[in-house]
Each structure stands twice: as structure tokens, then as C-alpha cells.
Amino acid sequence: VNYDLSSLADSRSPWVGQLLEQVRNFNQSLLSLPAGTLTNEVRQMLLEYVVIAATESIVEGMSRVKKCSQEGRALMNLNAKELYDGLRKITGWKQLPNAAFVDNFITAFWKTEPEMMEFIMQSQYKPTQLIGLLHSMPLPSSSKRDIQRRIEEIYKIPRKF
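FYI, the numbering for the sequence shown is 7 to 167, going by our numbering.
1. Would K72 pass as an interface residue toward chain C - the criterion being a Cβ-Cβ separation below 9 angstroms?
2. Once you ignore the five residues that flank E88 on each side, which residues in its own chain have a CB closer than 6 angstroms to its CB?
3. Rounded to a whole number of angstroms, what is the C-alpha to C-alpha distance between T61 and A106?
4. DSSP three-state label for K162, please.
5. Please classify Q130: does DSSP put it in a helix, a strand, or coil?
6. Would you mind working out which of Y55, R30, N31 sits nearest L102, comparing C-alpha positions?
7. Kindly indicate which residue of S147, M82, A59, Y131 has the alpha-carbon position closest to the one of Q28.
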């Protein structure tokens with residue numbers, strides 16, 4: 007997906023519909039099992055695992071974006087909201103597990119250098135995800151280098167020369 011946009015897209019990316027279709031099919035497969043095969047509790051737990059895996063995959067994918075504009079980050083936000091709406095319809099849940107994991111990653115793009123340092127200190131993201139996010143942020147190169155050094159120090163990442 008191209009997130010280096012010059013204008014705001016008015017519709018979601020195709021992957022959102024494809025992912026929702028896969029979750030819908032999975033849910034239908036669970037519902038079509040013979041009565042007594044799965045309890046509703048187990049079906050809900052399986053759906054929760056699928057939603058968590060999907061959100062973690064989304065953040066991983068977003069962290070690998072090489073170039074991202076303000077409009078691209080807005081498209082990421084639109085994609086997430088569309089995904090959440092679809093997942094709520096499929097699952098019937100009001101609250102989605104791990105939605106904040108995606109939302110916090112998307113909104114981190116707009117953080118200032120001091121806010122980003124704080125975000126890193128309290129982060130639940132992998133070091134590679136943080137570094138990927140950092141490289142797509144609209145910060146001066148010197149700030150990015152300082153933050154990357156801090157990430158490497160925190161996570162004891164060996165430097166590549």
C-alpha cells in the first residue's frame with residue numbers, strides 16, 4: 007500500500023475489505039459447525055485471537071512503510087476505523103481487543119521529539135516497529151538519529167556499521 011500520498015483518499019485500502027472477508031468466512035465456518043462442537047465462549051475466544059493477530063499484523067505492516075505523508079497517515083487511520091466497524095458487525099462486540107495498539111501506533115506519527123522519547127519508554131512495540139515508525143515521521147534527521155540511538159540503548163540493539 008502506498009502511504010506517501012499528496013491528497014487524502016476518500017476510501018479505504020483494498021486490504022481492509024479482504025481482511026474483513028477472511029474474518030467473516032472464519033466466523034461463518036465456526037457458526038456452521040455441528041451443534042455442541044464449540045461453545046459460544048470458545049468461538050468468541052477464537053475470534054478474539056484472530057482479531058489480535060490481525061491488529062498485530064497491521065502494526066507490523068505499517069511499521070515497514072518506507073515513506074508516509076500526513077495524508078498517508080490519515081489513510082491508515084481511515085483503514086483502521088473501517089476495519090473496526092466491520093469487525094464490530096461481524097463479532098457483535100462493542101470493544102475490540104488490541105484496537106488501541108493500532109491507534110497508538112498510528113497517532114505516534116504526529117508526536118514531537120520529546121513525546122516520541124516518552125512513547126518509546128512506555129512502548130509495547132517491537133524495536134523494529136519503533137524504528138520503522140521513526141523513519142516515516144516528519145522529524146529532522148538529527149532528531150531521528152537521537153531517537154534511534156535511544157531505542158538501540160533501551161533494547162540493547164547492536165549497531166551495524
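Cβ atoms here follow ideal geometry from the backbone N, Cα and C, with glycine treated the same way.
Checking against the coordinates, here is how it stands:
1. Although the question refers to chain C, the structure presented lacks it and comprises just one protein chain.
2. By 1-based counting over the sequence shown, the position of residue 88 is 82. Excluding residues within five positions, the ones whose Cβ falls inside 6 angstroms are R18, V22.
3. Here residue 61 is taken as the residue at index 55 of the sequence shown, counted from 1. Here residue 106 is taken as the residue at index 100 of the sequence shown, counted from 1. Each residue's alpha carbon lies about 9 angstroms from the other.
4. Position 156 of the sequence shown, counted from the start, is the residue given in the question as residue 162. If DSSP states are grouped into helix, strand and coil, K162 belongs with coil.
5. Counting from 1 along the sequence shown, the entry for residue 130 is found at position 124. Correct three-state label for Q130: coil.
6. Indexing the sequence shown from 1 puts residue 102 at position 96. Checking every option, the nearest Cα to that of L102 belongs to Y55.
7. For this step, residue 28 is matched to residue 22 along the sequence shown. Q28 has its Cα closest to that of A59, out of S147, M82, A59, Y131.
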